[in-house]
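Inspection log for the structure reproduced underneath, given as structure tokens.
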Amino acid sequence: VSSALLAAIQYAPQLLHTYKAKVVGALSIPMMLIQSPGAVLMVLSIALR
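If you use the UniProt record's numbering, the sequence shown corresponds to residues 1 to 49, in order.
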């Protein structure tokens, strides 16, 4: 449940940016700033198992 909530929070900036820009290919910098550290932690977690 918590991962679904965090995923919704993570993608909120992207959804808002895409809606405002009306361009599907547009990337949101805030989303990338939220997603990148999470991806690094996931990779480290898997690598250290």
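From the three backbone atoms N, C-alpha and C, an ideal C-beta is built for every residue, glycine too.
Coarse secondary structure for residue i, derived from DSSP in three states
{"i": "residue 53", "result": "This structure leaves residue 53 out entirely; the chain is present only between 1 and 49."}
{"i": "Ser28", "result": "coil"}
{"i": "Val23", "result": "coil"}
{"i": "Val1", "result": "coil"}
Closest Cα partner of residue i within the set the options
{"i": "Leu33", "options": "Ala4, Ser2, Gln14, Leu5", "result": "Gln14"}
{"i": "Ala7", "options": "Ala21, Gln35, Thr18, Ser45", "result": "Gln35"}
Exposure of residue i, with buried meaning 16 or more beta-carbon neighbours within 10 Å
{"i": "Ser45", "result": "exposed"}
Within 7 Å, strictly: CB atoms of residue i and residue j
{"i": "Ser2", "j": "His17", "result": "no"}
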